[in-house]
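Student:
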Ligand SMILES: Cc1ncc(COP(=O)(O)O)c(C=O)c1O
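Numbering (this note's numbering), first residue to last: 567 to 956.
(1) Do three or more CB pairs link the stretch 804-811 to the stretch 787-796 at distances below 8 Å?
(2) Report yes if the C-beta of residue 688 is less than 8 Å from at least one heavy atom of ligand 1; otherwise report no.
(3) Tell me whether residue 596 is buried or exposed, calling it buried when 16 or more other Cβ atoms sit within 10 Å of its Cβ.
(4) Could you give the DSSP three-state label for residue 766: helix, strand or coil?
(5) Comparing C-alpha positions only, which one of 729, 700, 734 and 899 sits nearest to residue 714?
(6) Considering only the beta carbon of each residue, do residue 729 and residue 674 sit closer than 9 Å?
(7) So, for residue 885: in the same chain, excluding its five sequence neighbours on each side, which residues have a beta-carbon less than 8 Å away from its beta-carbon?
(8) Starting from the Cα of residue 722, find the closest Cα among 755, 747, 744 and 690 and give me that residue.
(9) Counting pairs of beta carbons, one from the stretch 659-671 and one from the stretch 757-769, are three or more of them closer than 8 Å?
(10) What I want to know is whether the C-beta of residue 769 ends up closer than 8 Å to one or more non-hydrogen atoms of ligand 1.
(11) For residue 701, collect the residues of the same chain with a Cβ closer than 6 Å to its Cβ; drop the 5 residues on either side in sequence, then sort them by chain order.
(12) Taking the alpha helix (DSSP H) that residue 818 falls in, what are its first and last residues?
(13) Mind checking whether residue 881 and residue 775 have CB atoms under 9 Å apart?
(14) Within this structure, are the beta carbons of residue 899 and residue 910 separated by less than 9 Å?
(15) Could you round the C-beta distance between residue 669 and residue 825 to whole angstroms and report it? I think they count as a contact, below 8 Å.
(16) Give the range of the alpha helix (DSSP H) segment to which residue 812 is assigned.
(17) Less than 8 Å separating the Cβ of residue 663 from some heavy atom of ligand 1?
(18) Between residue 947 and the rest of its own chain, which residues show a CB-CB distance below 8 Å, the 5 nearest in sequence each way excluded?
(19) Rounded to the nearest angstrom, how far is the Cβ of residue 749 from that of residue 781, given a contact under 8 Å?
(20) So for residue 721, helix, strand or coil by DSSP?
(21) Candidates 905, 866 and 883: which alpha carbon is nearest residue 889's?
(22) Using the C-alpha atoms, what's the distance from residue 660 back to residue 830?
(23) Would the beta-carbon of residue 696 fall within 9 Å of that of residue 581?
(24) Going straight from the alpha carbon of residue 773 to that of residue 753, what length do you get?
(25) Cα separation between residue 759 and residue 941?
(26) For the beta strand (DSSP E) holding residue 704, just list the boundary residues, first then last.
(27) Hey, residue 916 and residue 579: beta-carbon distance below 9 Å or not?
(28) Residue 843 and residue 801 look like a contact to me (Cβ under 8 Å); what is the Cβ gap, rounded to whole Å?
(29) Please go through the same chain and pick out, in chain order, the residues whose beta-carbon is closer than 6 Å to the beta-carbon of residue 841, but skip the five residues on each side of it.
(30) Within 10 angstroms of the Cβ of residue 936, are there 16 or more other Cβ atoms? Answer buried if so, exposed if not.
(31) Beta carbon of residue 824: closer than 8 Å to some heavy atom of ligand 1?
(32) Compare the C-alpha of residue 833 against each of 805, 943 and 823 and name the closest.
(33) Return yes when the Cβ of residue 938 is within less than 9 Å of the Cβ of residue 651, no when it is not.
(34) Can you give me the Cβ contacts of residue 783 inside the same chain, cut-off strictly under 8 Å, excluding the 5 residues immediately before and after it?
(35) Using the Cβ count rule (16 or more neighbours within 10 Å means buried), how would you classify residue 761?
(36) What are the boundary residues of the beta strand (DSSP E) that includes residue 870?
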């Protein structure tokens with residue numbers, strides 16, 4: 567009854583878990599959830615007001631399929647100084663960020679072609695490649711190595727069938743930021759082996775102590791890079807479903823066909839909200855980022871005090887990806903923590919085989935929640951130890 571394409575993929579572990587938590591909360595359980603990756607701040611008022619004005623002014627019909635010129639121009643102006651990417655408005659497509667990644671993969675990957683990405687890495691890359699009839703090739707990073715992605719490990723996975731590398735910096739789930747030097751080495755490899763790079767930079771504004779570098783700014787490889795980013799994480803706009811893709815015109819023209827035959831366009835009032843986000847400076851981004859940084863600095867030492875838990879300080883995004891060395895698989899630990907201690911964490915195995923001893927905790931949550939959550943995790947570990955003694 568169902569296509570092989572859809573039968574071959576599993577549901578999103580993170581979305582499923584969030585749904586389960588919602589169900590349990592509805593039943594009256596006092597669960598603190600650290601599962602979903604979204605800022606807990608409201609969307610800044612000036613953005614909401616711009617979208618309301620657009621609605622009041624009748625912007626309720628179809629827009630251009632590749633995005634409204636105002637928004638593409640604003641993105642073109644924004645990414646030149648910020649990312650060092652010199653793109654005309656025609657080199658930009660407006661799409662929900664996740665859909666932009668899906669569309670890039672559908673457009674660029676043919677049956678049987680291999681696509682390399684980080685392991686642990688974001689839950690959707692593998693299924694997206696599978697849905698394009700490609701072959702996912704997750705390449706491991708290790709905690710001991712600071713979750714650095716080693717270009718030589720990537721090289722050793724390149725075969726004649728390799729078509730693309732997807733990279734994610736800052737990374738979900740590890741919070742690691744790929745240094746410029748490594749990105750340049752990956753760029754050289756892509757040039758040598760004639761590969762495409764899909765660079766997912768949706769957390770680009772959430773970096774602490776380090777600089778974000780866009781691989782699409784490297785001139786000699788810019789035509790083989792598709793950069794994807796968006797408003798969700800930087801401006802607390804996850805529900806607006808708006809982001810962008812930048813790349814050479816020929817690729818954008820092909821992606822636009824996919825947009826035209828699927829979602830048509832993004833709602834114009836949403837796009838006007840996005841224009842307001844870009845035009846109003848970045849103070850609101852900085853305020854949210856500072857708050858995330860303070861929460862990170864509160865959370866990581868508390869986690870490291872729990873016996874069996876170890877967590878390096880993440881340099882970006884808003885996730886602590888910590889090792890929980892208690893002799894259980896991460897999925898079992900997640901279930902036990904949820905049902906016994908009423909704290910919801912995402913099991914590291916959702917992000918690939920290299921994540922299985924780890925748990926992901928989003929710190930896009932209030933300080934009170936973080937403190938209470940860590941206390942519950944600590945009490946859970948103590949109860950396990952007591953159980954062993956008995
Ligand atoms: C690494 C990564 N890429 C892309 C996305 C998709 O972002 P959006 O919700 O804006 O589509 C997410 C969302 O969680 C993510 O974590």
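Using N, Cα and C, we set each Cβ at its ideal position, and we do this for glycine too.
Tutor: Concretely, from the data shown:
(1) yes
(2) yes
(3) exposed
(4) strand
(5) For the set 729, 700, 734 and 899, the Cα lying nearest the Cα of residue 714 is the one of 734.
(6) Yes. Within cutoff.
(7) Within the same chain, residue 885 has close Cβ partners 603, 738, 739, 740, 741, 926, 927, 928 and 929.
(8) Its Cα nearest to that of residue 722, the residue 755 stands out among 755, 747, 744 and 690.
(9) yes
(10) yes
(11) 680
(12) 815-826
(13) A contact, by the Cβ cut-off of 9 Å.
(14) no
(15) 7 Å
(16) No alpha helix (DSSP H) contains residue 812, which is instead part of the beta strand (DSSP E) from 809-812.
(17) yes
(18) 872, 873, 874, 875 and 892
(19) 5 Å
(20) Helix.
(21) 866
(22) 11 Å
(23) no
(24) 22 Å
(25) 49 Å
(26) 701-706
(27) yes
(28) 5 Å
(29) 636, 637 and 640
(30) The residue in question, residue 936, is buried, as its Cβ has 16 or more Cβ neighbours within 10 Å.
(31) no
(32) 805
(33) no
(34) The answer, listed in chain order, is 649, 650 and 651.
(35) buried
(36) That residue, residue 870, is in no beta strand (DSSP E); its alpha helix (DSSP H) goes 849-870.
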